[in-house]
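Asks:
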Amino acid sequence: MEREYMEFDVVIVGAGPAGLSAACRLKQKAADAGQEISVCVVEKGSEVGAHILSGAVFEPRALNELFPDWKELGAPLNTPVKRDDIYLLKTAEAASKLPNALVPKTMHNEGNYIISLGNLCRWLAQQAENLGVEIYPGFAAQEALIDENGIVRGIVTGDLGVDREGNPKEGMYTPGMELRAKYTLFAEGCRGHIGKQLINRFQLNANVDPQHYAIGIKELWDIDPAKHEQGLVVHTAGWPLNDENTGGSFLYHLENNQVVVGLIVDLSYSNPHLSPFDEFQRYKHHPVIKQYLEGGKRVSYGARAIAKGGLNCLPKMVFNGGALIGCDAGTLNFAKIKGSHTAMKSGMLAAEAAADALLAGREGGDELSAYEEGFKNSWLYDELYKSRNFGAAIHKWGAIKGGAFNFIDQNIFGGKIPFTLHDTKPDYACLKPAAESKKIEYPKPDGKLSFDKLSSVFLSNTNHEEDQPVHLKLTDPSIPIDKNLPLYDEPAQRYCPAGVYEVVSNDDGSKRFQINAQNCVHCKTCDIKDPAQNITWVAPEGTGGPNYPNM
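Going by our numbering, the first residue of the sequence shown is number 148, and it counts up by one from there.
1) Assign Pro-284 to buried or exposed, taking buried as 16 or more other Cβ atoms, counted over all protein chains shown, within 10 Å of its Cβ.
2) Can you give me the C-alpha to C-alpha distance between Ala-581 and Met-491, rounded to a whole angstrom?
3) Would you tell me roughly how many angstroms separate the C-alpha atoms of Ala-517 and Ile-233, rounded to the nearest one?
4) So for Phe-344, helix, strand or coil by DSSP?
5) Given a threshold of 16 other Cβ atoms within 10 Å of its Cβ, counted over all protein chains shown, does Gly-442 qualify as buried or as exposed?
6) What number of angstroms, rounded off, separates the C-alpha of Leu-332 from the C-alpha of Ile-564?
7) On a CA-only basis, which of Ser-243, Asn-608, Val-280 and Leu-173 is nearest Tyr-448? Give me that one, please.
8) Can you tell me which of the three DSSP states Glu-520 falls into?
9) Please list the segments of the beta strand (DSSP E) lying wholly inside the stretch 629 to 680, counting only runs of 3 or more residues, in order along the chain.
10) Per DSSP, which one or two residues make a beta bridge with Tyr-532?
11) Give a yes or no on whether the C-beta atoms belonging to Leu-414 and Asp-574 are separated by under 7 Å.
12) Could you check how far apart the C-beta atoms of Phe-437 and Gly-538 are, in whole angstroms? I think they sit under 8 Å.
13) Runs of 3 residues minimum, wholly inside the stretch 362 to 394: which ones carry the beta strand (DSSP E) assignment?
14) Going by CA-CA distance only, name the one from Gly-521, Val-381, Asp-570 and Ser-534 that's closest to Phe-554.
15) Tell me whether the stretch 189 to 208 and the stretch 158 to 167 touch, counting them as touching only if at least three CB pairs, one residue from each stretch, are closer than 8 Å.
16) Under three-state DSSP, which class holds Phe-466?
17) Report, in whole angstroms, the separation of the C-beta atoms of Arg-172 and Ala-498, which I expect to be a contact under 8 Å.
18) Taking buried to mean at least 16 other C-beta atoms within 10 Å of its own C-beta, is Gln-350 buried or exposed?
19) Does the distance from the C-beta atom of Leu-278 to that of Lys-174 stay below 7 Å?
20) Put Cys-187 into one of helix, strand or coil per three-state DSSP.
21) Short of 7 Å in beta carbon distance, which residues of its chain neighbour Leu-568, apart from the five on each side in sequence? Order them along the chain.
22) Across which residues does DSSP place Phe-205 in a beta bridge pair?
23) Taking C-alpha atoms, which residue in Ser-603, Glu-588 and Lys-586 lies nearest to Gly-594?
24) Which value, in whole angstroms, describes the spacing of the CA atoms of Arg-327 and Ile-302?
25) Determine the closest residue to Val-186 out of Glu-290, Ala-272 and Gly-308, with distance taken between C-alpha atoms.
26) Following a CB-centred definition, is Leu-471 positioned closer than 6 Å to any heavy atom of the ligand FAD?
27) Contact check, Gly-146 vs Gln-358 under 8 Å by CB: the rounded distance?
28) Here's the rule: buried if 16 or more other CB atoms are within 10 angstroms of the residue's CB, otherwise exposed. What is Gln-182?
29) What residues in its chain sit with their C-beta under 7 Å from that of Ile-298, if we drop five residues either side in the sequence?
30) Identify whether Tyr-283 lies in helix, strand or coil by the three-state DSSP scheme.
31) Express the C-alpha separation of Leu-388 and Ile-184 in angstroms, rounding to a whole number.
32) Could you tell me which residues DSSP puts in a beta bridge with Trp-684?
33) By DSSP, does Met-698 sit in helix, in strand, or in coil?
34) Using only CA atoms, which one of Glu-514, Ala-500 and Ser-417 lies nearest to Ile-587?
35) Please report the Cβ distance between Val-355 and Pro-246, rounded to the nearest whole angstrom; I am assuming they are in contact, meaning their Cβ atoms lie under 8 Å.
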């Protein structure tokens, strides 16, 4: 089928911090040279920011470089961090507060801001459009355009108006469009589905550790003004997780008597009975957290996977015709639990390499080796190098011993301890059989501090056109019931934070695996954690998924 096409110098997939920073930098470089570079950004969310979810404590280092006058331009950084409180939660009731002197340097947040990353992306999109970038929200990039020589030449957007069986719906069908480019930058965020395909096709991860992930689950609350302390940052380690099932939590006090609260669960967890969603619900009952939330009102909910492997897991980021940027590559600094400033910087570095190539008259389709060279000479590489041991230490030794190692590495050696820890076991391979694992009885939600999955998904404003192909693909439909259920009690029922996967009993007593795709909040956890690697997440029809207001 002949598709309509548009041609640009650079096409960027994803209007997150990496993609938008790249778009702005391309236009800035062109303007400085008195030339024109055409830039297009496609975004699968209904609007810029609709699919953006992050903590977020934001380090403004990259923003200072991209827009030194961001304050005058009205960037939504309204709440400077005032104080860091870090607790070790020992039990459901007990906790000890860490003295400041024992906290790894990377966890100090002086000079940073508590923000809504979605709102920062909306602001970045305005700056990009002011510079002449074309932004198309509601268009999902479905696949990369790759020519017969293995060169990436752009992307194809998904067809609109297709029924569940893949047939065009009468009067509603619009075929996807080819967006052709000299260079294509992939900024889809963690576990981007095209990025994953490109990594496999070009073997970009051939010489690195497997990427490691966590799931971050987050809520936004309006709380009692008497309990609100604007600028307070609270982090915890320990309960309800443990050394075999690691993670941590956050509670940040924004402006307007709001807090964001969340739990990050490493997807290397071993107990298949564990439910990250339910761990988060009971965590909010701990006295350290409950003291802020009690009497408040939950106003939003969401979840997203986090690429946390850092430098040891970074794939080769370039290939003929394009590059991976931001969390599509895995540039998050897990030692800081921050990926926005690193994503922005990686996008800016790729943009500078692409702009220099275009301004020098190159026709595109080649490898942007200057991006990787620029990366290795940047503060971004230095920062990721210093944090390279952080996640592996926690996985190997748990929160207390791993935390002690990280304190020594970060505070005494400045991140330059003379060896590198490696973590070579993929997260999906970490589950123990259900029969060898302790069952976990989760308390029923009380509707005040803790809630069920479906009422939570409702607050994420998630919506998909129901009569469209299921965007969660099973390579072998028999595996969930025939293999995962007897061996692992089918963990998809629990690792999904949106109730997408269910094991349903038939009238004859047999079981079937049900996929409620319209609940999907696009967190990608299933694509990562399924022990058989049998689930593939692909982009649904454009505008589908959550509609986060200010997450």
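All C-beta atoms in this analysis are idealised placements derived from N, C-alpha and C, irrespective of residue type, glycine included.
Replies: Quick look at the numbers:
1) As a position in the sequence shown, residue 284 is number 137, starting the count at 1. Under this definition Pro-284 is a buried residue.
2) Numbered from its first residue, the sequence shown carries residue 581 at position 434. Numbered from its first residue, the sequence shown carries residue 491 at position 344. About 41 Å.
3) Residue numbering aside, residue 517 sits at position 370 when the sequence shown is read from its first letter. Residue numbering aside, residue 233 sits at position 86 when the sequence shown is read from its first letter. C-alpha of Ala-517 to C-alpha of Ile-233: approximately 40 Å in a straight line.
4) Numbered from its first residue, the sequence shown carries residue 344 at position 197. Rather than Phe, the amino acid found at residue 344 in this sequence is Gln. Here DSSP, grouped into helix, strand and coil, assigns Gln-344 to helix.
5) Counted from its first residue, the sequence shown places residue 442 at position 295. Counting other Cβ atoms within 10 Å of its Cβ, Gly-442 stays below 16 and is therefore classed as exposed.
6) Looking up residue 332 in the sequence shown gives position 185. Looking up residue 564 in the sequence shown gives position 417. Distance from the CA atom of Leu-332 to the CA atom of Ile-564, rounded to whole angstroms, is 34 Å.
7) Counted from its first residue, the sequence shown places residue 448 at position 301. For Tyr-448, the closest alpha carbon among the candidates Ser-243, Asn-608, Val-280 and Leu-173 is that of Asn-608.
8) Reading the sequence shown from its first residue, position 373 is the one you call residue 520. In this structure, Glu-520 counts as helix in the three-state DSSP scheme.
9) Residue ranges of uninterrupted beta strand (DSSP E) with 3 or more members, entirely inside the stretch 629 to 680 and ordered along the chain, are 648 to 652 and 658 to 662.
10) The sequence position of residue 532 within the sequence shown is 385, counting from 1. Tyr-532 is not bridged to any residue.
11) On the sequence shown, position 267 is the one that residue 414 refers to. On the sequence shown, position 427 is the one that residue 574 refers to. Closer than 7 Å, so yes.
12) Residue 437 sits at position 290 when you count from the first residue of the sequence shown. Residue 538 sits at position 391 when you count from the first residue of the sequence shown. The amino acid at residue 437 is misidentified as Phe; the sequence shows Lys. That belief does not hold up - the Cβ atoms of Lys-437 and Gly-538 are roughly 29 Å apart, past 8 Å.
13) Every unbroken stretch of the beta strand (DSSP E) spanning 3 or more residues and falling wholly within the stretch 362 to 394 is given here in chain order: 379 to 385.
14) In the sequence shown, counting from the first residue as 1, residue 554 sits at position 407. That would be Ser-534, whose Cα lies nearest to the Cα of Phe-554.
15) Yes, the stretch 189 to 208 is in contact with the stretch 158 to 167.
16) As a first step, residue 466 must be located in the sequence shown, where it is residue number 319. Looking at Phe-466 - three-state DSSP - the assignment turns out to be strand.
17) Along the sequence shown, read from residue 1 onward, the residue named residue 172 stands at position 25. Along the sequence shown, read from residue 1 onward, the residue named residue 498 stands at position 351. That belief holds up - the Cβ atoms of Arg-172 and Ala-498 are roughly 4 Å apart, short of 8 Å.
18) What you label residue 350 is simply residue 203 of the sequence shown in a count that begins at 1. Burial is judged here by how many other beta carbons sit within 10 angstroms of a residue's own beta carbon; Gln-350 has fewer than 16 and is exposed.
19) Looking up residue 278 in the sequence shown gives position 131. Looking up residue 174 in the sequence shown gives position 27. Contact: yes.
20) Residue 187 sits at position 40 when you count from the first residue of the sequence shown. Cys-187 carries a strand assignment under DSSP once its states are collapsed to helix, strand and coil.
21) To locate residue 568, count along the sequence shown from 1; it is residue 421. If we look at Leu-568 and ignore the five residues flanking it on each side, its Cβ neighbours are Asn-536, Ala-539, Ala-540 and Lys-543.
22) By one-based count along the sequence shown, residue 205 stands at place 58. Residue pairing for Phe-205: DSSP places it in a beta bridge opposite Tyr-260.
23) Taking the first residue of the sequence shown as position 1, residue 594 is located at position 447. Taking only the C-alpha atoms, the option nearest Gly-594 is Ser-603.
24) Position 180 of the sequence shown, counted from the first residue, corresponds to residue 327. Position 155 of the sequence shown, counted from the first residue, corresponds to residue 302. Looking at the backbone, the Cα of Arg-327 and that of Ile-302 are separated by about 7 Å.
25) Position 39 of the sequence shown, counted from the first residue, corresponds to residue 186. The option with the nearest alpha carbon to Val-186 is Ala-272.
26) The ligand FAD is not part of the structure shown, which contains no ligands of any sort.
27) This structure cannot speak to residue 146, because the chain is shown only from 148 to 698.
28) For the purposes of this step, residue 182 is taken as residue 35 along the sequence shown, with counting starting at 1. Exposed is the label assigned to Gln-182, since fewer than 16 other Cβ atoms lie within 10 Å of its Cβ.
29) Reading the sequence shown from its first residue, position 151 is the one you call residue 298. Asn-467, Gly-468 and Gly-512, listed in sequence order.
30) Here residue 283 is taken as the residue at index 136 of the sequence shown, counted from 1. Looking at Tyr-283 - three-state DSSP - the assignment turns out to be strand.
31) Reading the sequence shown from its first residue, position 37 is the one you call residue 184. Reading the sequence shown from its first residue, position 241 is the one you call residue 388. Ile-184 and Leu-388: Cα-Cα distance of roughly 49 Å.
32) Translated into positions along the sequence shown, residue 684 becomes position 537. Secondary-structure assignment with DSSP links Trp-684 through a beta bridge to Leu-619.
33) By one-based count along the sequence shown, residue 698 stands at place 551. The answer is coil: DSSP assigns Met-698 none of H, G, I, E or B.
34) Translated into positions along the sequence shown, residue 587 becomes position 440. Of Glu-514, Ala-500 and Ser-417, the residue nearest in Cα terms is Ser-417.
35) Reading the sequence shown from its first residue, position 208 is the one you call residue 355. Reading the sequence shown from its first residue, position 99 is the one you call residue 246. For Val-355 against Pro-246, the beta-carbon gap comes to about 37 Å, at or over 8 Å, which does not count as contact.
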